[in-house]
Structure formats: structure tokens, C-alpha cells
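Residue numbers (this note's numbering): 154 to 288.
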């Protein structure tokens, strides 16, 4: 009995959270026979704030952003103008830009101490995997 009660409470909380996403005028619409029930249509009409272009492509380090933007532009050009048309060769210009961006990121990761944390996480993962395999 207790499990059912918790489930019911959880379902109520989920519906309540979903209802909070929908504008009040949609919920009070007289065209809906059940104004508190949400349909996929109601949720899909909710508009979200537009992402700024720099939000989607921000680099880990602001210092590396120019290198990232150059590489991204080169890659997109190579991908659309060559790869999608069947040319499977590497672009040396893009390769150089990628290496420049990678070096910048590595420096930024080292300066922030993130490289050390990543190395420790990799080691812990390897140790954990070895323990599961029994070797």
C-alpha cells in the first residue's frame, strides 16, 4: 500500500511540474475538456528562449574561441563541399587548425587543473574495469 501512495505522489508531482511549463491561457482554454491534463500539442506550443549563437559553440576557454571558430568554419566547409559529395580525403588546412585548437585547449585544461582530474578519472575507470574483469 505504501508503494502505491509514493507512486501516486510522484505522478502528481510530475504532472504539476509539467503543468507549470504551460502558459495559463493554454490550461484554461475552454476547448480542452480537461484543462489540467496536458497534451503533446500544449507542450509543443511552449516557446523556449532562443539560444545565442555563442552559447551553442562556446569553447572551454575564451582564449581558444578564435581558434575553435576557424576550425569549425573549415570543417563545415570541408564536410559540405567535399565529404558529402563523396570525397573522402583529409583537408590539411583543417587538420592544422584542429591541432592549433587542440593545443590551446590542452593549455587551458592544464592551467585550470582539469587535465590532472581527467587523468585521475581515467585511472579510476581503468582500475574499476580491471576489478570487474577480474584481471
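A virtual CB, placed ideally from N, CA and C, is assigned to each residue, including glycine.
This structure is a prediction, so every number in the text was calculated from the model and none was measured.
Any contact between the segment 222-230 and the segment 256-267? By contact I mean 3 or more CB pairs, one from each, below 8 Å.
Result no; under three Cβ-Cβ pairs closer than 8 Å.
Take the Cβ of residue 221 as the centre, count every other Cβ of all protein chains shown within 10 Å, and call the residue buried at 16 or more, exposed below.
Residue 221 should be labelled buried.
Tell me the rounded alpha-carbon separation between residue 273 and residue 238.
Looking at the two C-alpha atoms, the distance is approximately 42 Å.
Flag residue 282 as yes if its beta-carbon sits less than 8 Å from any beta-carbon of chain D, otherwise no.
Absent here is chain D; the protein component of the structure consists of one chain.
Between residue 276 and residue 250, is the Cβ-Cβ spacing less than 8 Å?
No, Cβ-Cβ distance for residue 276 and residue 250 is not below 8 Å.
Which stretch, first to last residue, makes up the alpha helix (DSSP H) that contains residue 256?
Start and end: 245-265.
Quick one: grab the DSSP three-state call for residue 268.
Helix, per DSSP.
In its own chain, which residues sit with a C-beta less than 7 Å from the C-beta of residue 212, not counting the 5 before and 5 after it?
Contacts found: 218 and 221.
Give me the Cβ distance between residue 214 and residue 271, rounded to the nearest whole Å; I'm assuming they're in contact under 8 Å.
Actually they do not touch by this definition, with Cβ atoms about 15 Å apart.
Tell me where the alpha helix (DSSP H) around residue 222 begins and ends.
Unbroken alpha helix (DSSP H) run through residue 222: 218-234.
How many angstroms separate the CA atom of residue 246 from the CA atom of residue 263?
If I take the Cα positions, the gap works out to 26 Å.
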